[in-house]
Amino acid sequence: MNQWLQQVIEHGQSCDDWLSPLRAQSLAKLHTMDWPHRRIERWKYTSLNAFDDLTLNRDTAVKTAPPGAIEGLDSIDLVFINGILHTDLKTQVLPKGLRISGLLETPKSEQDVANNIFNKVKPEHHFFGLVNDVLAQDGLIIDIEANTNIAKPIRVVSMSTDKQGSHQRILVRVGANAKVTIIEQEQGDAASVSTCFAEYDIGKEAYVEHYRFAMQSAEAMYFGGCHFSLQDHAQLNSTLIAYGSALSRIDVDIVHNGQYTQAKFNTLYLLGQSEHFDLHSTIEHAMPNGTTEENARGIIGDKAKAVFNGRIHIHRDAQKTRAELNNRNLLLSRRGQVNTKPELEIYADDVQCAHGATIAEIEEDALYYLRSRGIARAEALVMLNFGFIQQLINDIPNKHIAQWLEPKLKSRFVKMQVI
Amino acid sequence: MLKINDLHANVENITILKGLNLEIKPGEVHAIMGPNGAGKSTLGYVLSGREGYDVSAGNVIFNDEMLLDMDIEERAKKGVFLAFQYPVEIPGVSNMEFMKESVNAMRKQHSLEPLTAAEFLKKAKHACAQVQLPLDFLKRGVNEGFSGGEKKRNEIMQMILLEPSLCILDESDSGLDIDALQVVANGVNSQRDGKRSFIVITHYQRLLDFIEPDYVHILANGKIVKSGDATLAKEIEKQGYAFLGLDTSEEPNI
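Protein chains in written order, with the numbering used here: chain A, 18 to 436; chain B, 3 to 256.
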């Protein structure tokens, strides 16, 4: 057995807190699973060999400052450093209808909320999800009362520093007809390993605007998960941005458990150097009249590698479902690699579905056109690359976030050898 | 301002231009006509620097400089503008952003401060009005979903904004109805100031009813085979290219 996994299991066996009964189930499951290898379909293009050389230390001194604020955004900020919440929840003044508690100190009432979400939204087949079940000592329970509109976005910032393992869990209950924006901003530095899994139980007619930013630096290994359950008339608008990690993977599940649900899910990945990003998304339409619109776009430069596996599964009862899945990739170099696989599995007979995947290069004609108007080649390349992702940036519902992202994304182009 | 000497050019190892000579002085309008495959568009691409067009002999002197030694963008900044026959669609890059970058690249060339967004918008509005393009075309992706006529008008709009010294119009009349043709012609005529020169590449005499040329050249088999004034175009309209007695059988279809 892999040494790192051995440590995870040992840690799990010694863990004793109010979540232990649930963690024990995951531990048992983990015992029965193989360490992911490339003969397993869902790990075919993502190798975990980097774990062989992994050395983490227990020095918890933090050398880097957590990421700063998002300019113009008045948010409720909650900061994790190496998996431990550093924000004092007692001093937070929260709007009416919003309760936030940490997993280390959880009132009984919120424990009940958590017990109903923990591993109830996230499917148990995610290997690193199980690891997170076992290792995430700390995390958040975000509980939004029915009929409340939380105007301030909630921003959960997580930072992993050199040679650290950091693991946290976010459990969110959104009451019926409530409205909330939650930003999960994750930054990994140097040789760290982090897992961050979030489960959202979205009530009837509720609206969730969600962001997951996995902004890593090269040596950081990152495994994330975003899992959503939607009740009748619930709406989800989720944006995922990933870059910078030598080994990263995010698993997303959106389960339409109610009727007339709407999910919009956009992903952007900008990979350069030897970065690796793997997105596995599964959309389950279990009930009728739901809609899903999933768009993933990536630019891959240098020796980077992208993996996309997007699955839409329409169950027998999910009549009148409308679902679209599209993955587009711009491959900038000969050494880069993209493996993309959209999957549609349909058991209902009255649905509208479409899926597609493309891998393209920069169009020489477009480059010539821009240059023929006096725009320098490097500048024209930035325009064309940014143009490729512009539509998804325009789709971001919060303009402050879009403005904050733009220069961050443009600065990636240097690493991607666009210029 | 422009002197083309014995220009030979190949595309994918097929020789298209076979010794083309042409001299254009400031303020002149030269029409280039000719049958399909004569090399008319190739001339435009070679002058603007498109990759894949190899010059095997000859040279081009533009305002005392060797044009063919310059990069694509450098030629544009020095004042060469090609209005494309088939302008490319670039979704995601807005027309506005594209033109602002472009105008500011020209201004930088002339040591002028870049325009602010507001200053640019004012100029762009004016240019749009001149070619009767609605303002929301500025917000759309470059040529994205534009009709053929809208693309052509967008080219002329760019020409008005960039104020080049040499404008090459590559079949700017093709696919236009008579109203759109007039709009394009008016846009071009508004830029005739006695200093700016034009190469008008066209199949049909029709455009030349609106843009009156100083000279008309017939390009066939990669060479200019006949030159004259505006009456030459009218003759061709009446009789076709056949009256020139050209052997057009070996023309490559490019």
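Positions of the beta carbon are idealized from the N, C-alpha and C atoms, including for glycine.
Given a cut-off of 7 Å on the beta-carbon distance, is the pair G307(A) and T338(A) in contact?
In this structure, T338(A) lies closer than 7 Å to G307(A) by Cβ.
H332(A) to A303(A), Cα distance in whole Å?
So the alpha carbons of these two residues sit roughly 5 Å apart.
Rounded to whole angstroms, how far is the Cβ of Y217(A) from the Cβ of V191(A), which I believe are closer than 8 Å?
Indeed, because the Cβ distance is near 7 Å, the residues count as touching under 8 Å.
With DSSP collapsed to three states, give me the class of G242(B).
Correct three-state label for G242(B): coil.
What residues in its chain sit with their C-beta under 6 Å from that of A340(A), if we drop five residues either side in the sequence?
Contacts found: T309, I329 and C370.
Just to check my reading of the structure: S255(A) and A237(A) have Cβ atoms closer than 8 Å, yes? What is that Cβ distance to the nearest angstrom?
The pair is not a contact, with the Cβ atoms about 22 Å apart (cut-off 8 Å).
In its own chain, which residues sit with a C-beta less than 8 Å from the C-beta of L401(A), not counting the 5 before and 5 after it?
Within the same chain, L401(A) has close Cβ partners I379, E380, A383, L384 and L387.
State whether the region 142-156 of chain B contacts the region 83-91 of chain B, with contact taken as three or more CB pairs (one from each stretch) at a distance under 8 Å.
Short answer: they touch.
Rounding to the nearest angstrom, what Cα-Cα distance links R429(A) and S96(B) in this structure?
Rounded to the nearest angstrom, the two C-alpha atoms are 21 Å apart.
Should M400(A) be flagged as near chain B, meaning a C-beta pair shorter than 7 Å?
Yes - at least one Cβ of chain B is within 7 Å of the one on M400(A).
Take D56(B) as the anchor and find which of E30(B), F139(B), P116(B) and T44(B) has the nearest alpha-carbon.
For D56(B), the nearest C-alpha among the options comes from T44(B).
My output table needs one value for P424(A): the three-state DSSP class, helix, strand or coil.
In the structure shown, P424(A) sits in a helix (DSSP, three-state: H, G or I).
Go through its chain and collect everything with a Cβ distance to Q290(A)'s Cβ below 7 Å, but skip five positions before and after it.
The answer, listed in chain order, is A235, D319, K320, A321 and K432.
Using the three-state DSSP reduction, which class does A131(A) fall into: helix, strand or coil?
Three-state DSSP puts A131(A) in a helix.
Does A11(A) come within less than 7 Å of chain B when only Cβ atoms are used?
Residue numbering for chain A in the displayed model covers 18 to 436; residue 11(A) lies beyond these limits and cannot be assessed.
Suppose you measure from the CA of D179(B) to the CA of V48(B); what does that come to, to the nearest Å?
One C-alpha to the other measures close to 29 Å.
Under 7 Å between C-beta atoms, does F405(A) make it to chain B?
So yes, F405(A) belongs to the interface.
So which of Y224(A), G100(A), L361(A) and D69(A) has the shortest CA-CA distance to N19(A)?
Ranking the options by Cα distance to N19(A), first place goes to D69(A).
Cβ closer than 9 Å: which chain B residues qualify as neighbours of R394(A)?
Simply D73, I74 and E75.
Kindly give me the distance between the Cβ atoms of G100(A) and A163(A), rounded to whole angstroms, as I take these residues to be in contact under 8 Å.
Contact doesn't hold; Cβ gap of about 31 Å is too wide.
Going residue by residue through the region 90-167 of chain A, where are the continuous alpha helix (DSSP H) segments of at least 4 residues, counting only ones entirely within it?
The qualifying runs are 125-134 and 144-152.
Using the rule of at least 16 other Cβ atoms within 10 Å of the residue's Cβ for burial, across every protein chain shown, is P359(A) buried or exposed?
When all chains shown are included, P359(A) counts as buried.
Counting along the chain, where does the beta strand (DSSP E) carrying Y217(B) start and finish?
Run containing Y217(B): Y217 to A222, per the beta strand (DSSP E) assignment.
Any beta carbon from chain B within less than 7 Å of Q276(A)'s own beta carbon?
No, no contact with chain B.
At least one CB of chain B closer than 7 Å to the CB of A286(A): is that the case?
A small correction: the amino acid at residue 286(A) is Tyr; Ala does not occupy that position in the sequence shown. It does not: the Cβ of Y286(A) has no partner Cβ on chain B nearer than 7 Å.
Suppose you measure from the CA of F144(A) to the CA of I410(A); what does that come to, to the nearest Å?
F144(A) and I410(A): Cα-Cα distance of roughly 31 Å.
Using a threshold of 7 Å, state whether the C-beta atoms of L163(B) and A187(B) are closer than that.
Taking 7 Å as the Cβ cut-off, L163(B) and A187(B) do not qualify as a contacting pair.
Report yes if the CB atom of K46(A) is closer than 7 Å to the CB atom of E141(A), and no otherwise.
Yes. Within cutoff.
Can you check whether the C-beta of I256(B) is within less than 7 Å of a C-beta belonging to chain A?
Its pLDDT being 49, under 50, I256(B) is placed unreliably by the model, and nothing is read from it.
Determine whether the beta carbon atoms of K20(B) and G224(B) lie at a separation below 7 Å.
Cβ distance < 7 Å, so K20(B) and G224(B) count as in contact.
Can V151(A) and G29(A) be called in contact, C-beta distance under 7 Å?
Yes, the pair counts as a contact, with Cβ atoms nearer than the cut-off.
Near S31(A), what residues of its chain come up, given a Cβ to Cβ distance below 8 Å and the 5 sequence neighbours on each side ignored?
Closer than 8 Å at the Cβ level, and outside the excluded window around S31(A), lies no residue.
As a quick exercise: from K127(B), P166(B), V218(B) and L210(B), pick the residue whose alpha carbon is nearest that of D195(B).
It is P166(B).
Rounded to the nearest angstrom, what separates G46(B) and A85(B) at their Cα positions?
Using only the alpha carbons, I get a separation of about 9 Å.
Ignore the nearest five residues each way along the sequence and tell me which others in L349(A)'s own chain have a CB closer than 6 Å to its CB.
So the list reads G318, once near-sequence residues are dropped.
Measuring alpha carbon to alpha carbon, tell me which of L209(B), D8(B) and L4(B) ends up nearest N65(B).
Taking only the C-alpha atoms, the option nearest N65(B) is L4(B).
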